[in-house]
Structure formats: structure tokens, C-alpha cells
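Enquirer:
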Amino acid sequence: MSEQLEHIHCLIIGSGPAGYTAAIYAARADLKPVMYTGLQPGGQLTTTTEVENFPGYPEGTQGPEMMEDFKKQAERFGTDVRFGIVTAVDFSSLPHKVTLDDGKTVTADSVIISTGASAKWLGLESEQKYNGFGVSACAVCDGFFFRGQEVAIVGAGDTAAEEATYLAKLCKKVYMIVRKGEMRASKAMQHRVEHTENIEVLFHTETKEILGDGQSVTGARIINNETGEEKTINVTGFFVAIGHKPNTDVFKGWLDMDETGYLITQPGSTRTNIEGVFASGDAQDHIYRQAVTAAGSGCMAALDAERYLAAKAHSSVYAEEVSK
Numbered sequence: 001m002s003e004q005l006e007h008i009h010c011l012i013i014g015s016g017p018a019g020y021t022a023a024i025y026a027a028r029a030d031l032k033p034v035m036y037t038g039l040q041p042g043g044q045l046t047t048t049t050e051v052e053n054f055p056g057y058p059e060g061t062q063g064p065e066m067m068e069d070f071k072k073q074a075e076r077f078g079t080d081v082r083f084g085i086v087t088a089v090d091f092s093s094l095p096h097k098v099t100l101d102d103g104k105t106v107t108a109d110s111v112i113i114s115t116g117a118s119a120k121w122l123g124l125e126s127e128q129k130y131n132g133f134g135v136s137a138c139a140v141c142d143g144f145f146f147r148g149q150e151v152a153i154v155g156a157g158d159t160a161a162e163e164a165t166y167l168a169k170l171c172k173k174v175y176m177i178v179r180k181g182e183m184r185a186s187k188a189m190q191h192r193v194e195h196t197e198n199i200e201v202l203f204h205t206e207t208k209e210i211l212g213d214g215q216s217v218t219g220a221r222i223i224n225n226e227t228g229e230e231k232t233i234n235v236t237g238f239f240v241a242i243g244h245k246p247n248t249d250v251f252k253g254w255l256d257m258d259e260t261g262y263l264i265t266q267p268g269s270t271r272t273n274i275e276g277v278f279a280s281g282d283a284q285d286h287i288y289r290q291a292v293t294a295a296g297s298g299c300m301a302a303l304d305a306e307r308y309l310a311a312k313a314h315s316s317v318y319a320e321e322v323s324k
């Protein structure tokens, strides 16, 4: 006789602001949520130092500390937080089946996905060394810390152009490092960059090394890939805007997603194309990508899951009464 699978009423895949907020709401609704944190418990914020734009922290806080606060609050209401990585799913029938990296398979009446997205990096050793100490993948999150200073941003698309113009409002000067001889951004965004006086676009340019004093960024060594000329720019902030990759590969073939891999939810909700599966946070948001918007969508996912489960329970009771 086969071993009976553990059955979970509300399964949350992934942590971070979206997952923990979903857990808080689901636990308070008595859905007895079980969370599998993923490879990076707490998500991208655990690699962030100062967080000053999240409501409720008037003096700011550290990213890892904030995520620990979220976790404690979720556990306080009864969330079962477990370290584990989902390696496969089977959404072909109810309840849904989810397989973990230890080989265990669980079933779930509802699934909330909050696996987030990962920033794409240049792959430099110095980039990782100063990540959070002058190197950032979010100008909106961290631009404030470089007010009045000179910074650099790598990228050529709409996001890079938008973040460059955002930084230009705060910073003395912005170097925009573009690998090719032209930008990929829309003409409107290129026009905005070209007409911002304190943005200098460096075409045919790549970053060789991010320089620092061991504590924070002091500059960047760049090279012109046409002439081979190297030079150093003195910057205190280095922003990477070459895109994000949503952590959704395990759901391919089951859930609708765009060409990049962001999960597609039904307008005005967190529902996916599969009954009982909901998506929240950066796994489905390629526009805002902020901790506070992720938390908000985590709340939405828990409310959607609660309503879904309540409707299922009601229909089951009604069916039983009719059959009597």
C-alpha cells in the first residue's frame, strides 16, 4: 500500500514580502497555510541593506531584518514555514500535487505562488562584492542614497532609460553604459534620455570592473569595445538594469506566462489559468517590482484563495444536502 501524501489546505510557494503577507492573511483566515521558502528565504530583500521606502519603518530598516519580522508575524498566526524548493508540479487535477527537492510530494487544495524574480547581473566578481554597498539592481529602491552624487547605470532598454532619468533627478551626474552603438529603448524613452542634461550615454562600452575601497563603490573601469580604450569613471553608485528573470520555470507547461516567464493573472485578481492556483509578487509583476506592491498582491492572493476555498466548501455541503 502506497504511503499517504501530506495534504495541505493552502500551500504557499516562495517567501519574500508577497509570500509572507499571503501567509499572514491566510493564517488569520484559518487556512492553516504551509510555506516552502525556496532557495533564498526572504527573497531579494535579503540582499538589500537599507530599506527606507516601506511604510511602517520611519527610521528605515535592513532588508534581512524586515524579512525576519515578516516571517515572525506569519509564524505568530500559525503559518508552518519550511525550508524547501519545489522541483515539479502537477496541476492536472484537484487537489494539486507538488514535489519538493527532498523527493516528498504533497497535495494542496489551493496554491499561492510567490517565487519572485531574480535580477540579471553582469557576472563580475566585484559586482557581487559590492552588491548592497553601492551596487544595486533597483534605482527606485536605492537612488535616494546617492542624492547629489555621480552614478552609473548599465542597460539599453526602456527600464534602463526610465531608471537613468529617475536617477538624474537625484544625482549630480548619471553615466549610462550601453554595450552597442544604439539603445533598445523606445524612441520616446531615448528622446527623454537625450534631453536630460546630466545623463551621459557611453555607447560601445562595457564594464571591466567595479572599483571600491573595501567598504563601498568608488568607481568603475570601463572599456570601449570598438577602440579598446579603457578608462575609469568616478562613481559612488553602480546600477544594473539589464532585466529580471521571474523564478517560474517549474510552472512552464501548466500556467500561462509571457515570453519572459512572468505569470499571467486574470485582470483584477491573482487567479491564474488553473483553478485554485494564485500568483503574487514579482513572479507576476514586471512593472512595479517593489516590496510594498508585492506585499499588497500577497494579501490579494490570500483573499482570493480564501474566497475560492469557501465557495468550494459551500458547494460541497450543498451537493451533500441535495443528494440526501
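Note that my numbering has the sequence shown beginning at 1, numbered continuously upward.
Beta carbons are placed, not taken as given, at the ideal position from N, Cα and C, and that holds for glycine.
1) Would you list the one or two residues that DSSP bridges to residue 7?
2) Looking at C-beta atoms only, is the number of pairs between the region 66–77 and the region 117–131 that lie closer than 8 angstroms three or more?
3) With a 10 Å radius around its C-beta and 16 neighbouring C-beta atoms as the bar for buried, classify residue 325 as buried or exposed.
4) Under the rule that 16 or more other beta-carbon atoms within 10 Å means buried, what is residue 136, buried or exposed?
5) For residue 229, which option in 219, 202 and 251 has the closest C-alpha, if you only look at C-alpha atoms?
6) How big is the Cα-Cα spacing for residue 274 and residue 98?
7) My understanding is that residue 74 touches residue 24, with C-beta atoms under 8 angstroms, so please give their C-beta distance in whole angstroms.
8) Use the C-beta contact count for residue 4: other C-beta atoms within 10 angstroms, 16 or more gives buried, fewer gives exposed.
9) For residue 37, count neighbouring C-beta atoms within 10 Å of its own C-beta (all shown protein chains included) and say buried if the count is 16 or more, exposed if not.
10) Mind checking residue 314: buried by the 16 CB within 10 Å criterion, or exposed?
11) Run the CB neighbour count on residue 88, radius 10 Å, all protein chains shown included, and call it buried at 16 or more, exposed below.
12) Could you tell me whether the region 124–136 touches the region 201–218, where touching means 3 or more Cβ pairs closer than 8 angstroms?
13) In the DSSP assignment, find the unbroken alpha helix (DSSP H) run with residue 325 in it and report its ends.
14) Tell me whether residue 292 is buried or exposed, calling it buried when 16 or more other Cβ atoms sit within 10 Å of its Cβ.
15) In terms of alpha-carbon separation, which member of 92, 206, 140 and 50 lies closest to residue 328?
16) Given this structure, state the Cα-to-Cα distance separating residue 138 from residue 84, to the nearest angstrom.
17) Taking DSSP as the reference, what is the three-state secondary structure of residue 239?
18) From residue 154 to residue 170, what distance separates their C-alpha atoms?
19) Buried or exposed: residue 304, going by 16 or more other Cβ atoms within 10 Å of its Cβ?
20) Taking the C-alpha atoms as reference points, what is the distance between residue 93 and residue 108?
21) Based on the DSSP output, what are the partners of residue 224 in its beta bridges?
22) For the beta strand (DSSP E) containing residue 150, name the first residue and the last one.
23) Is residue 29 closer than 7 angstroms to residue 114 when the C-beta atoms are compared?
24) Contact defined as beta carbons within less than 8 angstroms: I believe residue 140 pairs with residue 290. What is the distance between those atoms, to the nearest angstrom?
Expert: Concretely, from the data shown:
1) 107
2) no
3) Here the chain covers residues 1 to 324 and nothing more, so residue 325 does not appear.
4) buried
5) 202
6) Going from the Cα of residue 274 to the Cα of residue 98 covers about 14 angstroms.
7) So it is a contact: roughly 5 angstroms between Cβ atoms.
8) exposed
9) buried
10) Counting C-beta atoms within 10 angstroms of its own C-beta, residue 314 has fewer than 16 neighbours from the protein chains shown and is therefore classed as exposed.
11) exposed
12) yes
13) Examination of residue 325 is not possible in this model, given that the chain is present from 1 through 324 alone.
14) exposed
15) There is no way to answer for residue 328, as the model of the chain reaches only from 1 to 324.
16) 27 angstroms
17) Here residue 239 sits in strand by DSSP.
18) 17 angstroms
19) The residue is buried, with at least 16 neighbouring Cβ atoms inside 10 Å.
20) 11 angstroms
21) According to DSSP, residue 224 bridges with 205.
22) 150–154
23) For residue 114 and residue 29, no; Cβs fall outside 7 angstroms.
24) 7 angstroms
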